[in-house]
Each structure stands twice: as structure tokens, then as C-alpha cells.
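Chemist: Protein chains in written order, with the working numbering: chain A, 1 to 349; chain B, 350 to 698; chain C, 699 to 1047; chain D, 1048 to 1396.
Note that beta-carbon positions come from the ideal geometry of N, C-alpha and C, so glycine has one too.
Every value quoted in this text rests on a predicted model; they were computed, and no experiment measured them.
Protein chains: 4
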Amino acid sequence: MIFTSDNWAGAHPAIAASLNAHAAAYAPAYGTSELDRKVEATFNETFGRDVAVFFVGTGTAANSLALSSVNRPGGVVFCHHDAHVIADECGAPEFFSQGARLAPVSGTDGKIDPAALEAEIARYPKEFVHAGQPMAITLTQATEAGTVYQPDEIRAISNIAKAHGLPLHMDGARFANALVSLDISPAEMTADLGVDILSFGGTKNGCWCAEALVFLDPEMASQAPFIRKRAAQLFSKSRFIAAQFDAYFENDLWLDIARHANRMAARLQDGLLASQNARLAWKCDANEIFPIISQTKAASLRNEGAMFYDWNPPRPHGNLVAEDEGMFRLVTSFATTEADVDRFIEVLG
Amino acid sequence: MIFTSDNWAGAHPAIAASLNAHAAAYAPAYGTSELDRKVEATFNETFGRDVAVFFVGTGTAANSLALSSVNRPGGVVFCHHDAHVIADECGAPEFFSQGARLAPVSGTDGKIDPAALEAEIARYPKEFVHAGQPMAITLTQATEAGTVYQPDEIRAISNIAKAHGLPLHMDGARFANALVSLDISPAEMTADLGVDILSFGGTKNGCWCAEALVFLDPEMASQAPFIRKRAAQLFSKSRFIAAQFDAYFENDLWLDIARHANRMAARLQDGLLASQNARLAWKCDANEIFPIISQTKAASLRNEGAMFYDWNPPRPHGNLVAEDEGMFRLVTSFATTEADVDRFIEVLG
Amino acid sequence: MIFTSDNWAGAHPAIAASLNAHAAAYAPAYGTSELDRKVEATFNETFGRDVAVFFVGTGTAANSLALSSVNRPGGVVFCHHDAHVIADECGAPEFFSQGARLAPVSGTDGKIDPAALEAEIARYPKEFVHAGQPMAITLTQATEAGTVYQPDEIRAISNIAKAHGLPLHMDGARFANALVSLDISPAEMTADLGVDILSFGGTKNGCWCAEALVFLDPEMASQAPFIRKRAAQLFSKSRFIAAQFDAYFENDLWLDIARHANRMAARLQDGLLASQNARLAWKCDANEIFPIISQTKAASLRNEGAMFYDWNPPRPHGNLVAEDEGMFRLVTSFATTEADVDRFIEVLG
Amino acid sequence: MIFTSDNWAGAHPAIAASLNAHAAAYAPAYGTSELDRKVEATFNETFGRDVAVFFVGTGTAANSLALSSVNRPGGVVFCHHDAHVIADECGAPEFFSQGARLAPVSGTDGKIDPAALEAEIARYPKEFVHAGQPMAITLTQATEAGTVYQPDEIRAISNIAKAHGLPLHMDGARFANALVSLDISPAEMTADLGVDILSFGGTKNGCWCAEALVFLDPEMASQAPFIRKRAAQLFSKSRFIAAQFDAYFENDLWLDIARHANRMAARLQDGLLASQNARLAWKCDANEIFPIISQTKAASLRNEGAMFYDWNPPRPHGNLVAEDEGMFRLVTSFATTEADVDRFIEVLG
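#1: So, C/Asp944 versus C/Gly844, is the Cβ gap smaller than 8 Å?
#2: How would you write the range of the alpha helix (DSSP H) that A/Gly59 sits in, first residue to last?
#3: For the region 1164-1179 of chain D, which residues have a CB atom closer than 8 Å to at least one CB atom of chain A, in sequence order?
#4: Listed from N- to C-terminal order along the chain, which residues in the region 205-232 of chain A have their beta-carbon within a distance smaller than 7 Å of any beta-carbon of chain D?
#5: So, for D/Phe1101: in the same chain, excluding its five sequence neighbours on each side, which residues have a beta-carbon less than 6 Å away from its beta-carbon?
#6: For a cutoff of 8 Å on Cβ pairs, would you count D/Pro1120 as touching chain A?
#7: Please list, in chain order, the residues of the region 579-613 of chain B that have any C-beta partner in chain C closer than 8 Å.
#8: Report the rounded CA-to-CA distance for D/Ser1205 versus D/Ile1244, giving the unit in angstroms.
#9: Please report the distance separating the alpha-carbon of B/Asp458 from that of B/Tyr375.
#10: Flag C/Cys777 as yes if its beta-carbon sits less than 8 Å from any beta-carbon of chain A, otherwise no.
#11: Pull up the distance between the alpha-carbon of A/Leu273 and that of A/Ile112, whole angstroms please.
#12: By DSSP, does B/Met350 sit in helix, in strand, or in coil?
#13: Among the candidates A/Leu268, A/Asp192, A/Pro93, whose CA atom is the shortest distance from the CA of A/His337?
#14: Please report the straight-line C-alpha distance between B/Ser624 and B/Ala607, rounded to a whole angstrom.
#15: Specify the secondary structure class of C/Phe924 as computed by DSSP and reduced to three states.
#16: So C/His782 contacts chain D; which residues on that side make the cut at Cβ distance below 7 Å?
#17: Listing by chain order, which chain A residues have their CB less than 7 Å from the CB of D/Gln1145?
#18: Keeping to the same chain, check which residues put their C-beta closer than 7 Å to that of B/Arg678; ignore five residues upstream and five downstream.
#19: Between A/Ala87 and chain C, is any beta-carbon pair separated by less than 8 Å?
#20: Closer than 6 Å by C-beta to D/His1069: which residues in its own chain qualify, once you throw out the five before and the five after it? Chain order, please.
#21: Does any CB atom of chain D fall closer than 8 Å to the CB of B/Gly440?
#22: Among C/Asn949, C/Ala1037, C/Ala1033, C/Ala834, whose alpha-carbon lies nearest the alpha-carbon of C/Val893?
#23: Output needed for B/Val696: all residues of its chain with C-beta closer than 6 Å, excluding positions within five of it in sequence on either side, in chain order.
#24: In terms of DSSP beta bridges, what is D/Leu1260 paired with?
#25: My understanding is that A/Ile15 touches A/Trp8, with C-beta atoms under 8 Å, so please give their C-beta distance in whole angstroms.
#26: Measure the CB-CB distance between C/Asp869 and C/Thr836 and report whether it falls below 8 Å.
#27: Taking buried to mean at least 16 other C-beta atoms within 10 Å of its own C-beta, is C/Asn960 buried or exposed?
#28: Quick check on the burial criterion: 16 or more other C-beta atoms within 10 angstroms. Buried or exposed for C/Gln848?
#29: Does the beta carbon of C/Pro1012 sit closer than 8 Å to a beta carbon anywhere in chain A?
#30: Quick check: A/Arg230 and B/Gly406, are their CB atoms within less than 8 Å of each other?
#31: The alpha helix (DSSP H) that contains B/Ser649, what's its start and end?
#32: Nearest to B/Gly448 by alpha carbon, out of B/Asp437, B/Val426, B/Ile533?
#33: Quick one, which of A/Arg155, A/Asp256, A/Trp254 has its alpha-carbon nearest A/Ala191's?
#34: So is B/Gln644 buried or exposed if we call it buried at 16+ other beta carbons inside 10 Å?
#35: When you compare only the Cα positions, how much space is there between D/Ser1116 and A/Ala103?
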């Protein structure tokens, strides 16, 4: 009953096998191998257009380099106040972008509220050097609240971005989970909606270390090779990231994994909703679910072997949580089993 | 006959197997798993003292974070003029250390000349703010010339470092190759000689992606956890780096791999020295060898399937190379076979 | 009737005269002249202890270098949400400190609320690398709301700083105005209350360009000479900043100027309070005052030659301002006359 | 007999008077006053075209921001090995440009040698990410050796810049001295020869603090307002820099000052050449002169009140200097008198 995080799971067997299969061979280094090329072509097919792809080692790297690649002096990046970039990356985006600022924007369900976004952008009037200048908008799909932006919600953000001449970045650490939740294509969730740059995450969805920085508009990538190398993110044996992605995309494994994880989360949600002993902070669209449970119950669950995190949100979520309760986070992955879920619900009662 | 680089080789079977063996299990993320702990303990044993170890993804990351961790404003890092940090890292050390400067120091055989080092340091008089201030010395072991610093040569550099109050960093991308060449212990090649911080490389010696930033004096590591995370080098599934190192150290596999690679290089050297058609730029101590061959011969070798790089050094190496000749680099690894070597020598004639 | 800003005023005649008086002489450059030394000694006397003083050209420089001098990777600086460092410096503090973050803290009257500060610091648990780490607290004295922290209010912030091992910085762009408002000594407003580093502003109080970075504890200044030079803030003819400060301190001119400006603001406040046509957003303690006036009245005042800024605060100040009203800022300086003030009140009616 | 540096001189009387004359008036802050506008127009006239001008406080700031404004990741700036940017700015250019590297290029007489420049650029092959990428060329006019680039020498550098798509920056800390030496117009020394960005220095030529960052092509300046503000170089009372420049340009005062300084240097040179007791390291074209004198003579001169610096060059200047000799630097300025010069020569004998 491990629901701590999808990065506590290991590597999916098919991905582990692919790593293993490529272990023996020689191959050109630094992203120049045939396998690198093949996987880059797969990205093109996956997104239905020529994209510029750069493999990196961590999601923080993908996000930070995405934002660095559209850097402006005195730049301000608008994100949801619970976004990973602002809450969980130790200032990496600010560091890589030479001190750009992350401006938190409010919004329910982990999603940027368009009106709040407009209000925040308005604090940086054009050519008013004292305040700095808007530089990018970033949204997280699926969100940190386990919800998923609907296409028209992304479009609303994207329209604001375009109106202000701002690039739109998507943090897709859980891209696959969102995608299968919406049941649309990668292009329909990104380029078609005005997303310019994507952090495409594989690690949380069954890889051990496979993240990609994807420029939907390759012209924005002109400096990216240098930005990546200077950031110490160009792996000499890059083909091992490629090898993971190779298995990841084969026969839509990535979508299958995400569907499984989402299904396990939905099963958890069903159980939680049916229980008298829990309620939900937000409706679950993907593979994260945030129950509010009494501290006593939570202790019982942990006594029975359930593992999950307290979710002490950086910002108070109103009066959702009573004094003797806690908010917790449950995350599912390729490795979550129905038995895990059912046992959890059973202990919860 | 692939002699391009040790990072063209894949992963050693035992290391690939270890990765595979750990694929299935759940484990705490971000470097907190039991396997991470176990491997950290192995580092302590390996170095015969408590060290502070931080796994990172690339050698450039290890070097850059090592230097960042001893950062000073207006800081100057002294390195050999052919060092990887100055020649091959796209300015990453300067970037991560907020604009510190790499000052090239001359020296034969890829080694920093102590007198030249003193002269270079003297250009930065104490408290003369215009010039900046010395911040660190970094040496590469084995060197970029395929040579290995003798202990007393390291001691000579280290004495200068201590005299000027400068930390001494060792870029050990090929640490194992140097170690078995000298046939001394890790401590005898580092801490005992005054090395403070080490980039401990596994990737070139049979891992697919395993580098460690090692503080021989753990007190220097107080900020390193934040420096690593901010640099996007804290891997969520960090235990997969640990898994590689676990196999790497088991039964001294790492030393066996290095001994094999060095032996193959020595065999190449024997052949090259015996041939009328080549001479050597530098004597080979480790697993890199730099023959000077006629362009015609080089073309023949390549026609027969030999792969190796032209070595157009960033700085002219005097009149070593005649007009119709080239300097080339041959690198051996765990994957190099005697057959490869013998065939190369045979074609060379 | 110019009430736009105290930096619209020129240079006080005595300060202009001092600049002029030192124009002819030769003097050693880069802060090494006798005059530099003399003024540094005056700072020691002024603060009743040995301080480390560094002249810089702008308040933004003083603030940014103060924070850079206590830099930590992934560092977070806590400030009031309307503080100059976060609202008006184009990201300079973040830029100079390699991407440190400014975390806005709420509080009425432009002052950091201690409870809110504690809550914000609590978001960065010790050694939790994902969030980053606290690095400093900065408060503005006088505040951006024209108020002045009472000594016990500073003490409350300082106690929190000490409890968390954080240096405390004071942005004293209007230091003199606060000082005469409290009628205490410089030491009583800083070192005695636990302030570690001070941005000591002269420009807004009658200099043309004279700011000083003051370390109340000189041991914290060990890297400051390099930090300043690297920041392009070491002036070759530094003695001209010294010349301004020389006149500034002579016969307590700086306090006289500040008293005059505060008196003019108090006179404005009296008139505003007596008027039916205005009310105040905050009580004025120093030389800034924020009346809420109908837009019609504001237009009339401007028609009559009054100059002042709309104050569209970056954050909404509740329901202070009705729809047909505006909040405005009036600032007084050495150059403000009673006639200016009285005429303004007369037109206001 | 003060020949230490042109920044030991104070402010020219006309410039001091202008500062004084503008002290009393109110004026809009942050570079928006009428005087700022007037001086910007003067720059346009001076360069015979629309230029984008940004006042800053130090030459280091002008240089650093010029290079930052053409920043590239992994960027390399080519400069003469004795250039101020590499030898005397404490790493400021590297700091402001996020770790760009300064690559020293050799050349006699303080001038970049075109062939050496080409060779240095060739070390950074296009799209070879490991090495980094060329980003700019910067030359110093007048040079640090007291010489002046002839127009065709600038053209030679500029042709290389254009061929490689690199912007060309000129460090004009002693722009006026070079200009009157060549007796051409500002445009003929810059834009007409392909210079893109200029650090236009006033401080060494009679101002107390007046430097301008000049974009000959204003389109390159789009980010400069934010770059300057973020660098803490936007002065609130900017018009006082403008006031200095206003007097500086009036009736060609700047050229008169420079002609005087150059004339004094020429007079020194005549005396030095006529003496048996000195010889010159380089021919003097502007206002710096580098005699080689016996240490005994140097001591005598200092005993008689002459002040000047030892010139221990960062790089050995061959065997120019015998063991009992020293190389010294003499600098003249608006404040240098014929009597100073004649007395120096008299003591020299």
C-alpha cells in the first residue's frame, strides 16, 4: 500500500528491459546515436509535427531550461501558487534564468484562474522597468491537485499569453496521466491549444530517468543545445534516456501505464467517496488524490502498512480541514495494484 | 575497433544487471532509499573516512557543483589549459558559480606546472579587488593527455593550494584508471594528498550514468544539498544511480574494469611504439593514447573500420605534428577487446 | 507644488557645495582617498561602533548587495509585500543573489506582521531541499506606506530572525526620516535592535547620488569588497560620494533635512485631516502621505499645478478606495516649502 | 606631479559648475527629465545618427551591460589579453552575462591581432556545444597600452566580427583621447567601421561620474532598459549624469580636454625620448605612456613628489625590462600641467 509518490515506483519492466537490451552496444555519445535520432522521430510522430526535443535528467531541469530558453531581464513567470516550479524546485527556475521571478497566481482546483492571471500580469505595465517584465506563463498538466485542465481552460490561458506576447509553457511531469484523462492527442493538448514549450515527463510514469524538453515550435529552440549543455544536462550516454523512451512509446506503453495509474486512482476515489471516513479536497482527474481523513484513521492506515504523505499545503486551503483531521496525498503508478487499493479502502472503513 | 571514447561503450553487464534487479521495487525518492544509504557507506569505506557524497547525472555537473560549493565573488579557478572544465563544458562551471573565471595554467603532459600555477595565482594579489580573487585549484586525474599525476605531483599542487588557502578539486572522470595505474588507495590519491573535493566518475568506466560529488571533508558540504537540488541534479529515482554504484564497487568491479581498459591501452601503446608508422604525443598511463600518424595511414585505418577522433588540440602542441600527419585520440574501455587492439596495430603496420 | 517623489528634488545646496569644493583636487581612486577614510570614520561615530561601509550608487545596489552578501543556494528572503526590493527593483535582488527568491509577507501599515512572517518561514522546513531555505529578512524603515516601525516592532522581527539564524537587513532609503520620527540614535534603530546590515540612503534626503551599504557587524563584510566591485559599484572617483556624505553629516545636516521633510508632511497631514475632501490610507510618520481623494478633486489639484502620483498599489488595499476616488502619494523633501503645502491644502478645500 | 591615473583628477570646472547649476531644480526621476532628453539628443548629433543611450555609473557597468545585452548561453567574448574587461573588472562581465567567458587574444601594442583573433574564434566550431559559442568581440580604444587603433585596424577586427555574425563592442573609457588622436568623427571611429555597441566614457576625461552605454544600432537596445535597471544602474537623479554630459559636449569641451591630456602625454614622451634615462614600452598615441626606467631613477622621481604606478603587467612583456629596471605608467588628464611634465623630465635627467 505505497501511495507516497509515483517516483517511489521503480522502472516498468519493459523500460528496464529496453535499458538492458541497449547496454552492450557501442553508440555515439552526447545525443548523436541512431537511437537518439529514432526517438526524436517518434516525438515528431507523437506530436504530429516537427518538434525540437532535448533529453534531460530531471523534471526540474526540463522546467528550468524551458523557462531559461525564453529568458528576459527582470522577467516574471506566472504560475499557479501550488505549481511545482514555485513550490518544489529549490529556486532552480530562478537560478537557471538568471533571477527571473515566479509570480504565484491563484485559482481553484490547482488551476490558474484566468482573471487572476490577467490581474497579476497587469502589475507589470509595459516598459515600466521598475516592476520588471512578463516573460512566460507556465501551467501544470495534470495539476498538483490531481486535476486536469480541460482544453478550453488551456485555451483561455493561452489566449492571455498570446495577447501579451508571452510564451506558454506546460509542465507535463504527469503529461500522460492528463492525456488519457482527456482522451485527446498530444497535439490536441499542446500545440493546437497554443502551448509553445513542454516539459514531457517519463520518470513518474514508469521510466527511471527520462524527461524531455519539447519545443512545439522548433524555432524557439535555437539556443537550447547550448542551454542544455551549459546546464550539465547533456548526458554522454544519452541513448540510455532514448532507450527508455523507445520502450515508453512502443505500442503506446506510456498511455497504458497512465491509464492503469488513473484507473487505480479512480478506484481509490470511488472507495473514498463511498466511505464515511473520508472526503476529497478535489475531484481526481488523474493519478493523485487528496483525501481529508481524521488523524486517528490516518494512523490506523499507516499501522496497517499504508504509506502516504501528509499534505501540508504551502497555502491554507480555507477551512477544508478540521483540527483533528489531516489532508493527505495518495499517488498511484504502474506499480499500484487493485489489491493495494482495496486493502486501503478496507482499512479506512 | 571503436576507440572514439569510453563513453561510446554501453553499460557493463554487471551494472546493467544491477539496474535491472532494482527496477521492480518501490523505494523512497530523492536519495533517501536504503540503497542510497548503503552506497554512501561504501564510499566511506572506499575512502577510509566519512565523506559527504552527492550523486549527480553528469561529470560536468559534478565539476560545476564542486566549484560552486567553494564559490567566491570575483573568484578564479586555476586549471590546466586543456582541462575538461575549461575546454569541454560549454561554460558550465562559470555558469553555476555565478561567473567565476577559469584561468588556464600551462604544463607538459597535461599536468599543471607548479611554477606556472604560482605565477598565475600571483596575478591576483590579496585584496586587490580589480583582478578578482583566487577561489580554487582543479586538477584532472587521469589527465586529458592520458597521463597520471604521481602522488608527489599532486602533493606539489596541494601544497600551493594550502599556502594560498585554496580548496583543491580533483576531476576524477577517469579516477579509476588513474588509481589502478598508480596502484594506491583512493585515500592515498586524494585526502592524504590534500584533495578536498572530488568528482568521482563512473560513467566512463562502465556505468551508464553515475557520477558522484565527494567532499573528503564533509564540513565543506553544508550547502551542497541545496546546491545540487537548485542545479536540477537531485534525481527522484536516485537509487538507480546508487544501483549502478552498488555493482560498481562490488568485488572491486570498478578496479577490474579500469585495469582492463588500461591494459588494452598499454597493448595499443606497445603496438604503436613497435610500429614504424606512429609515434606518441605523450606516454600513456591510463586508457587514452594519442598517436601521431600520417593522414594516409589514418584514412586506411578508418577504411578498415577503426573509429577514433582527430585530436585538434585547442592549443598548439609545438611542432609535434608534421603537415601530412595528424594527432589522434584512442580511448579504451571495458568493452575493448584484444582483437580490436591487435587488428588496429595490424592495419597500422 | 511638486509632491511626486523626494528623488525629484535636486541636491541640497550644502551638498552641492561640497561636491564643488572637492572638484579641483587630485585624490586616490576607488575609495582609497582621505576623504573616503574620513567619511567612513564618521559612519563609525554615527553608529557608535566600528561598522564596515561601502559606498554605492543606487539604493537598489545597496539592497541587492546586502542580500547577496548573505547569499545561500535556494535562498529565500522575507519582505513586506509592498517592499521596494520586491515591487520596484526589476528583480535586481534576485539577479545579484543568483536567483534567491523574495517571499512577500503581509502586514498592515506597510510593516511585516510577525505572525505572518513566522508562517511564511515555516513553509521552508529545515533541510527540506525541495522548498529552498530561508536566507534573510529585510524590512524597510521608513516603510513604503510612510509609516515607521517602532523599536519594539523591529525587535519583534529581529527576534524571529535570530531564532531562525537569519540575518536582518534594513532598507533605509528613508533612514533619516524614520530616525528623526522616532527621535532615537542610529544605533538604537539598528544594531541595538539586532539589525545586521543596513542600506543607508542619502539620495532621497538631499544628496544627488550617495548610498552606503553598512555592515553593523563588520565580520559579515569579508566578501563585500569583491561583491561590490563585481557588481560594477566601485566608483573610481568614489570621493565624490564621500564628499556628499561629508556635507550630509556635518552639523547634522541630514537630520535637519529629514526633520524639515517630515514637518512638511505633517503639515500636509494636518491639512488633509482638516479637509472634508480627503482621508488618509495610513497615518504618516515620515515624509510620505497617502490621501484618498475624489478623482475630480485630484484633477483640480493637478490643474492648479500640483504634481503627485496615482498610487495603484500592487495589492488591493481592501475597500479603502471608492470607485470615483483614487489613492495618491505625496512626498516631501528638503525642497518642499510651507507655501507648497498650504497652497495644496487651499486648492483641496 | 601626479601621473597615477586620469581618475585621480577631480572634475573639470565646467562640469562641476554644470552639476552645481542643476542642483536646485526639481526634475523627473529615473532618466525622464528634459535634461536627460537633451543630452540624448546631443549623443544623436555627436554620432550623426539615432543611437540608443543609457547612462550608467561606472565603466565596468557600461562594459558589462554592453556584453550582457548580446548574451548567449555558453558565450565567449574575445578581447585583448590586457583589456580592462579581463584584467581589471573583478569578473563583472562574466557575472552580469551569466557566466560568459572572456577569451584573451594576443597582439602587440595592446591591440588585438586579427590572425590571433581568427585562431581563437576557430576554437569554437559552429554548433559544437562542448566548447561553447562565440558571442562578441570587444576592443579598447584607446588601448590599455596607450596606443590607438587606426581605422583600418578597427575595420580588420570588424570584418572578422561580421564574418562570424558577432557584435563588436568598443570599450571607450578613453574614447575622447583616441578620437582627437585620430582626428576623425565619433561615427568615423565607430558605426562607420562596424562597431555596434560603445562604452562611452566621461569619467576619465573630466567628469566625476558619467558613462554611457551607446547602441549605434538602436534595435540592439530593446532589452537594455531592463538590463540596466536590473543591474542597479538606473540612477534616480539621472539628470546629474546628464548635467555632466551637457557641459562635456558644450563647445566641444570633451575634445579640448582630451587634446590637452594627449598634448601633455606627448610632451612627456618627447622628454622621455630625449632622456638617456628612459625608453618606452610602446609609442604613446593618447594619454598613457609606459616608460622603462631604472629602479633608482624611479625612486628619485618619487622622492621629488612624482606619483605613478609600477606597471607589473599581468603577462610578461618579453625581455623589455632588465632586472634593475621597472616599467611604469604615467597618465595625463585635464588637470596635468606643463610644469608637472617639465619637472618630471627635469628630475629624470
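Modeler: Taking the structure as given:
#1: Not a contact, by the Cβ cut-off of 8 Å.
#2: It spans 59-68 - the alpha helix (DSSP H) in which A/Gly59 sits, taken as one unbroken run.
#3: When C-beta distances to chain A are compared with 8 Å, the residues of the region 1164-1179 of chain D below that value are Glu1174, Val1176, His1177, Gly1179, in chain order.
#4: Under the 7 Å Cβ criterion, the region 205-232 of chain A contributes Gln223, Pro225, Phe226, Ile227, Lys229, Arg230.
#5: So the list reads Leu1260, Ala1271, Arg1275, once near-sequence residues are dropped.
#6: Taking Cβ atoms only, chain A reaches closer than 8 Å to D/Pro1120, which makes this a yes.
#7: Answer in chain order: Arg579, Leu583.
#8: Whole-angstrom Cα-Cα distance: 12 Å.
#9: If you take the alpha carbons of B/Asp458 and B/Tyr375, they lie about 48 Å apart.
#10: Closer than 8 Å: no.
#11: Going by C-alpha positions, A/Leu273 is about 26 Å away from A/Ile112.
#12: Here DSSP, grouped into helix, strand and coil, assigns B/Met350 to coil.
#13: One point to set straight first is that residue 337 of chain A is Thr, not His, in the sequence displayed. Closest option to A/Thr337, Cα to Cα, is A/Leu268.
#14: Take the alpha-carbon of B/Ser624 and the one of B/Ala607: they are about 26 Å apart.
#15: Correct three-state label for C/Phe924: helix.
#16: Residues of chain D with a Cβ closer than 7 Å to the Cβ of C/His782 do not exist; the shortest Cβ-Cβ separation is about 12 Å.
#17: Residues of chain A passing the Cβ test: Gln98.
#18: Taken in chain order, the residues that qualify are Glu637, Phe639, Phe657, Tyr658, Trp660.
#19: Yes, A/Ala87 lies at the interface with chain C (some Cβ there is under 8 Å from its Cβ).
#20: Sequence-distant Cβ neighbours of D/His1069 in its own chain, meaning closer than 6 Å and more than five residues away, are Ala1290.
#21: At least one chain D Cβ lies under 8 Å of B/Gly440.
#22: Of the candidates C/Asn949, C/Ala1037, C/Ala1033, C/Ala834, the one whose C-alpha sits nearest the C-alpha of C/Val893 is C/Ala834.
#23: So the list reads Leu650, Glu653, once near-sequence residues are dropped.
#24: The secondary-structure analysis by DSSP pairs D/Leu1260 across a beta bridge with D/Phe1101, D/Ser1246.
#25: 16 Å between Cβ atoms; not a contact.
#26: Closer than 8 Å, so yes.
#27: C/Asn960 is buried by the Cβ-count criterion.
#28: By the neighbour-count definition (other C-beta atoms within 10 Å, threshold 16), C/Gln848 is an exposed residue.
#29: Because the pLDDT at C/Pro1012 is just 47, under 50, the model does not fix this residue reliably, and the value given afterwards should be weighed accordingly. Using a CB distance cut-off of 8 Å, C/Pro1012 counts as an interface residue toward chain A.
#30: Not closer than 8 Å, so no.
#31: Following the DSSP letters along the chain, one finds B/Ser649 inside the alpha helix (DSSP H) bounded by residues 644-652.
#32: Measuring C-alpha to C-alpha distances from B/Gly448 to each of B/Asp437, B/Val426, B/Ile533 identifies B/Val426 as the nearest.
#33: When the alpha-carbon of A/Ala191 is set against those of A/Arg155, A/Asp256, A/Trp254, the nearest one is in A/Arg155.
#34: Residue environment analysis places B/Gln644 among the exposed positions, since fewer than 16 neighbouring C-beta atoms fall within 10 angstroms of its C-beta.
#35: In this structure, the straight-line span from the alpha carbon of D/Ser1116 to that of A/Ala103 is close to 24 Å.
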